[in-house]
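Each residue of the sequence shown is one higher than the last, beginning at 19 in our numbering.
All C-beta atoms in this analysis are idealised placements derived from N, C-alpha and C, irrespective of residue type, glycine included.
These notes concern the structure reproduced below.
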Amino acid sequence: MAWKQNRDQFMQGLVRRNQGETEFHQAVHEVFSDIFPYIQDKSIYRDAQILERMSEPDRIISFRVSWEDDGGNIRVNRGWRVQNNNAIGPYKGGLRFHPSVNQSILKFLAFEQTFKNSLTGLPMGSAKGGANFNPKGKSDREVMRFCQAFMSELRHYIGPNMDIPAGDIGVGAREIGFLYGQHKRLSKEFTGILTGKGMEFGGSLIRTEATGYGTVYLANHMLQSKGLSMEGKTVCISGSGNVAIYAAEKVNQLGGKVVTLSDSSGFIYDADGISEYKLGHIKTLKNIKRARISEYLDEFPQAKFYANQNPWSVPCDIALPCATQNEIDQSDAHTLLTNGCIAVAEGANMPTTLKGIQRFQEAKILFAPSKAANAGGVAISGLEMSQNSARISWKEAELQKLLFDIMEKIHSQCENYGRESKHYVNYIKGANIAGFIKVADAMLAYGVV
Ligand code: NDP
């Protein structure tokens, strides 16, 4: 097929130009495998070299972050901001602090963000940033000094109409507070330059819950399209951070049973279900004590802990990967399918490898890719920006409804562009094409820029 040849040729060039950036290659390959056939008869996009332009970030900023630890030692990390595309709104995307952070990971995340932000229907461009800094094991003061040093440099490149970062792995409420405080100190301004802020200084209600809740709403919409629901379903969730915890909370609210959560040390399996009460304990463990998930067993000894394993061997109806990229590979996908899994919704960014996705697609189960499933977080961030600009705060019920409606619209866009037969919707294709059209058409309108 001509489009496959074109795609392969395109990918060869992309790999040559972006050597060693495997996560970035993977993300572009996944999206453009749907876009190449879509634009085959649409020369307007091909003539304007839209794919070449979309896969080249507008700019990448990289900087040194020097800070002092509690022992008086000077530490040096590397910080980045990848400003990918601002065709439909100011750059928007999270900051990740994790030792694994590198340019490839941030480029893949910024690229994915383009389509995700477009799917929300809100005017947001795409970016991602962070540092190879590990907040784990650092004191609050060390994290504060790091955040202050990081923002002292980043501040030159962000602004409420230019680029509005948010949190991601390793950047939660504490870090956002430190980052915002430093920006306010240096700029002498109180403006909406970050989202995910505390309620006391311009945050939005339900931002913390939005990504996890949204992922479960999307999973539920997929189930409902088949006449099913979350009620009574057994659900495996990975991670125990912001996304995982609130995904678990919403599953419980909709009548499902969550049996696993994890962190990078292993997973817990609680056959009785991780109820609302038990989740409350996990929130304290993770957010206040910054403890390991295994400490759940101190309080609930009937559960089991499996060290250095992911939870995909546990039989479930629904899997919600909510930890990190590439955490479900081909053999995990095979195990999930063999155990009867009927739906997967990606709370984390790109948690399934290309081969894992292929297995799910061959089995034609319900599969929601991250750019659709976890878009609820950035959607509420977009609404936080609106509230900051208008200097107002919306009520929780209004925001809950807006989140629900946005996830419903994302589901129907996926159906519109991804339906392949009466019984099968390819949600990846649907999300990729729907996200692409809006950004590509805006880029066409600007001419050659
Ligand atoms: P958190 O830092 O709050 O939690 C991350 C969780 O994943 C932790 O339990 C962490 O365990 C685990 N984890 C991280 N890396 C690994 C690894 N290599 N192997 C196994 N477990 C790991 O992050 P979030 O919950 O905010 O983010 C999770 C995912 O969701 C990411 O992919 C992020 O990009 C995505 N996302 C987040 C959004 C948000 O609103 N927060 C919005 C959209 C997407 P440990 O503590 O041991 O490291």
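Setting aside the 5 residues that flank it on each side, N104 is surrounded in the same chain by D76 and G143, each with a C-beta closer than 7 Å to its C-beta; the list follows chain order.
Judged by DSSP in its simplified three-state form, L338 adopts strand. Straight-line spacing of the CA atoms in A262 and V94 works out to 31 Å. Collapsing the DSSP output to three states places P183 in a strand. A buried status is given to H429, since no fewer than 16 other beta-carbon atoms sit within 10 Å of its beta-carbon. For T138, the three-state secondary structure derived from DSSP is coil.
When beta bridges are read from the DSSP output, C254 appears opposite T278 and A337.
Taking 4 residues as the shortest admissible run, the region 292-355 contains the following complete alpha helix (DSSP H) segments, listed from N- to C-terminal end: 294-301 and 314-317. Burial check for P183: the Cβ neighbour count within 10 Å reaches 16 or more, so the residue is buried. Going down the chain, each residue whose beta-carbon is closer than 5 Å to a heavy atom of the ligand NDP shows up: D186, I187, T229, G257, S258, G259, N260, V261, D281, S282, A341, T342, A366, N367, N392 and G395. T252 is not a Cβ neighbour of A391, given a cutoff of 7 Å. When rounded, the separation of the alpha-carbon atoms in S205 and I211 is 11 Å.
Taking a contact as a CB-CB distance under 8 Å, the pair I346 and L384 does not count as one, their CB atoms being some 15 Å apart. Contact between the region 144-152 and the region 50-69 is not established, with fewer than three Cβ pairs separated by less than 8 Å.
For V33, the enclosing alpha helix (DSSP H) stretches over residues A20 to R35. When the beta-carbon positions are compared, K215 and F208 stay at least 7 Å from each other. When the beta-carbon positions are compared, V46 and I78 stay at least 7 Å from each other.
Within the same chain, R114 and H116 come within 6 Å of I187 by CB-CB distance, once the 5 residues on both sides are set aside.
Counting only the Cα atoms, N444 lies some 8 Å from Q379. Using a 10 angstroms sphere on the CB of N260, the tally of other CB atoms reaches 16 or more, which defines it as buried. Beta-carbon to beta-carbon, E171 and F81 are separated by about 4 Å, close enough to satisfy the 8 Å threshold.
For E39, the three-state secondary structure derived from DSSP is coil.
Taking a contact to require three or more Cβ pairs closer than 8 Å, the region 232-251 and the region 321-329 do not qualify as touching.
A363 sits in a strand when the DSSP states are folded into three classes.
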